[in-house]
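Peer 1:
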Amino acid sequence: MVRRVVFSLLVLALAGLVIWGAWAATKAITQSLTQNSKVEPTANPVPTSSAEWAALDEQERLMALKGRAPEVCPADSVKVSVDIANRSGGAFNVVAHITNDFPVPCLVDTTDARIATVITSGDETIWTSASCAGDSQTLLLPAGEETSRTIVWPGQHRTSGCEAGDKAKPGVYKARVSVGGAEDSATFEVR
């Protein structure tokens, strides 16, 4: 009888050790997986100059940007130039050429309110694009690349609101376009 009791106690102790071992192993594996999931991937360094960026091939550029959300282009890295073209019907196309001088791709807001276009004649403001802005149009502009945005001036007065006013009189006009801190202007004639 004593042997049976001792044998039963040994079997129970051995079963307890097996259960405890399984529990300890499960806990260790769970902790290991939890710690590994909390480790954040190291960000790839982003080139700091246009020359460094240009030296990378496409795969290296993708790796440099992996895991990073695109940022808005710094104001001093956006360049703008303006061209004017007359269209039939008295309207004028004010074409803003926007260039990203930042060494990495970044976001440029090309909404009319952000590409502020002002038409003046002498000291008088004739029309502004910001008074009747459209929907937001944000572009991811690659480093060193240019995009163009055409703002149509209908050849009429409008300084506030979206309603067109009187037709512009013949004379010399100036279109001033600013994007962020960059600005350019062009003079043209209305006949």
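FYI, the numbering used here numbers position 178 of the sequence shown as 491, with every residue one higher than the one before it. We put the beta carbon where it would ideally sit given N, CA and C, even for glycine.
How about Leu346 and Pro383: do their beta carbons lie closer than 7 Å?
Peer 2: Going by C-beta atoms, Leu346 is not nearer than 7 Å to Pro383.
Peer 1: When the Cα of Val391 is compared with those of Leu453, Ala404, Ala335 and Glu365, which residue comes out closest?
Peer 2: The shortest Cα separation from Val391 among Leu453, Ala404, Ala335 and Glu365 belongs to Leu453.
Peer 1: With DSSP as the reference, label Lys340 as helix, strand or coil.
Peer 2: Lys340: helix per DSSP, three-state reduction.
Peer 1: Between the Cα of Ala477 and the Cα atoms of Cys445, Arg504 and Ser498, which residue gives the shortest distance?
Peer 2: When each option's Cα is compared against that of Ala477, the closest is Cys445.
Peer 1: In chain order, what are the residue ranges of uninterrupted beta strand (DSSP E) at least 3 long that sit wholly in the segment 403-463?
Peer 2: Here the runs fully enclosed are 405-413, 419-422, 428-434, 437-441 and 451-454.
Peer 1: Among residues of its own chain, excluding the 5 on either side of Lys487, which ones have a beta-carbon nearer than 6 Å to its beta-carbon?
Peer 2: Around Lys487: Thr433, Ser498 and Thr500.
Peer 1: In three-state DSSP terms, what is Glu476?
Peer 2: Coil, per DSSP.
Peer 1: Going straight from the alpha carbon of Trp440 to that of Cys475, what length do you get?
Peer 2: Rounded to the nearest angstrom, the two C-alpha atoms are 10 Å apart.
Peer 1: Should Arg462 go down as buried or exposed, given a rule of 16 or more other Cβ atoms within 10 Å for buried?
Peer 2: The residue in question, Arg462, is buried, as its Cβ has 16 or more Cβ neighbours within 10 Å.
Peer 1: Taking Ser390 as part of the beta strand (DSSP E), name the residues at either end of that continuous run.
Peer 2: Premise fails: Ser390 is in no beta strand (DSSP E) and is neither H nor E.
Peer 1: In whole angstroms, what separates the C-alpha of Gly468 from that of Gly493?
Peer 2: Those two C-alpha atoms are separated by around 25 Å.
Peer 1: I need the straight-line Cα distance from Glu353 to Gly329, nearest angstrom please.
Peer 2: Here Glu353 scores only 49 on pLDDT, less than 50, and its place in the model is too uncertain to base an answer on.
Peer 1: So, is Phe320 buried or exposed, given that buried needs 16 or more other C-beta atoms within 10 angstroms?
Peer 2: It counts as exposed.
Peer 1: Work out the CA separation of Met376 and Val417 for me, nearest whole Å.
Peer 2: Straight-line Cα distance between these residues: approximately 12 Å.
Peer 1: Between Thr480 and His470, what straight-line distance do the alpha-carbon atoms span, to the nearest angstrom?
Peer 2: At residue 480 the sequence reads Lys, which differs from the Thr that was named. Spanning the two alpha carbons is a distance of roughly 6 Å.
Peer 1: With H, G and I counted as helix, E and B as strand and the rest as coil, what does DSSP make of Glu373?
Peer 2: Here Glu373 sits in helix by DSSP.
Peer 1: Taking the C-alpha atoms as reference points, what is the distance between Arg504 and Asp436?
Peer 2: About 19 Å.
Peer 1: Locate the beta strand (DSSP E) running through Arg489, then write down its first and last residues.
Peer 2: Arg489 -> beta strand (DSSP E) spans Gly484 to Val492.
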